[in-house]
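Residue numbers (this note's numbering), protein chains in the order written: chain A, 16 to 128; chain B, 44 to 155. Even for Gly, the Cβ is constructed at its ideal location relative to N, Cα and C.
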């Protein structure tokens, strides 16, 4: 079952603009991960943010986590055409039997020159 | 490093045929996973393994079997293919259950 849900489903912006994607989830998490998927390729891990962290940066990417609202956001600054891809959040839940990672359905980002 | 390699990349089957998808990883990861990705459904976990010789069911295991005889390989089998199994199949691996997963580029499977 999908625990994380991304919003919006699709986003179209111009090069140079910022892109913000949101992820909401339902239960307490161990960590939350963001992935990118280019057309016809597998998912590529971008950033992992732990439940006790509020913000992480990696290059032009900024991820925030608000555990009180059960939500996360991925910000891509100064977007480029090469950022065109689908972006997925994945929540990691911990139980007695181990960890479970659940992917959302993704946000499709189109960056036009 | 090749990372995660899936073979074949494409395959067309007839209903009732069987086949095996192969996944190989060279990162010495303990955990391996098989997902299917369908339009509008996101990624759904079929089976996974937490180490050599172990397998466990995921969200949608029916119609599939898996084996992990060697740490670096994870095989997904379809014993009697059905049109509902038309999908893109992804294999992934990770060092532990809460760490990032590394994905292969998928196998596109069509069942007629």
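Relative to the alpha-carbon of residue i, which residue among the options has its alpha-carbon at the smallest distance?
i	options	result
residue 130 of chain B	B:48, B:97 and B:150	B:150
residue 35 of chain A	A:46, A:93 and A:42	A:93
residue 101 of chain A	A:37, A:73 and A:31	A:37
residue 41 of chain A	A:25, A:55 and A:20	A:20
residue 62 of chain B	B:53, B:90 and B:115	B:53
residue 155 of chain B	B:50, B:58 and B:110	B:58
Of all the CB atoms in chain A, is at least one closer than 8 Å to the CB of residue i?
i	result
residue 104 of chain B	no
residue 144 of chain B	yes
residue 117 of chain B	no
residue 69 of chain B	no
residue 81 of chain B	no
residue 94 of chain B	no
residue 108 of chain B	no
residue 53 of chain B	no
I want to verify the contact list: residues of chain E whose CB lies under 7 Å from the CB of residue i, in sequence order.
i	result
residue 86 of chain B	Absence of chain E from the displayed structure is noted, the protein chains being A and B.
Tell me which same chain residues have a C-beta within less than 7 Å of the C-beta of residue i, skipping the five on either side of it?
i	result
residue 99 of chain A	124, 125 and 126
By the three-class DSSP mapping on this structure, what secondary structure does residue i have?
i	result
residue 87 of chain A	strand
residue 34 of chain A	strand
residue 81 of chain B	strand
residue 54 of chain A	coil
residue 49 of chain B	strand
residue 128 of chain B	helix
Skipping 5 residues on each side, what residues in its chain have a beta carbon closer than 6 Å to that of residue i?
i	result
residue 138 of chain B	72
residue 118 of chain A	103 and 105
So if DSSP puts residue i in a beta bridge, which residue, or which two residues, is it bridged to?
i	result
residue 109 of chain A	A:114
residue 62 of chain B	B:121
residue 115 of chain B	BP columns for residue 115 of chain B are empty, so no partner.
Given residue i, which residues of its chain have a CB within under 8 Å of its CB, disregarding the five upstream and five downstream residues?
i	result
residue 43 of chain A	66, 82 and 108
Comparing the C-beta of residue i with each C-beta of chain B, is any distance below 8 Å?
i	result
residue 56 of chain A	yes
residue 78 of chain A	no
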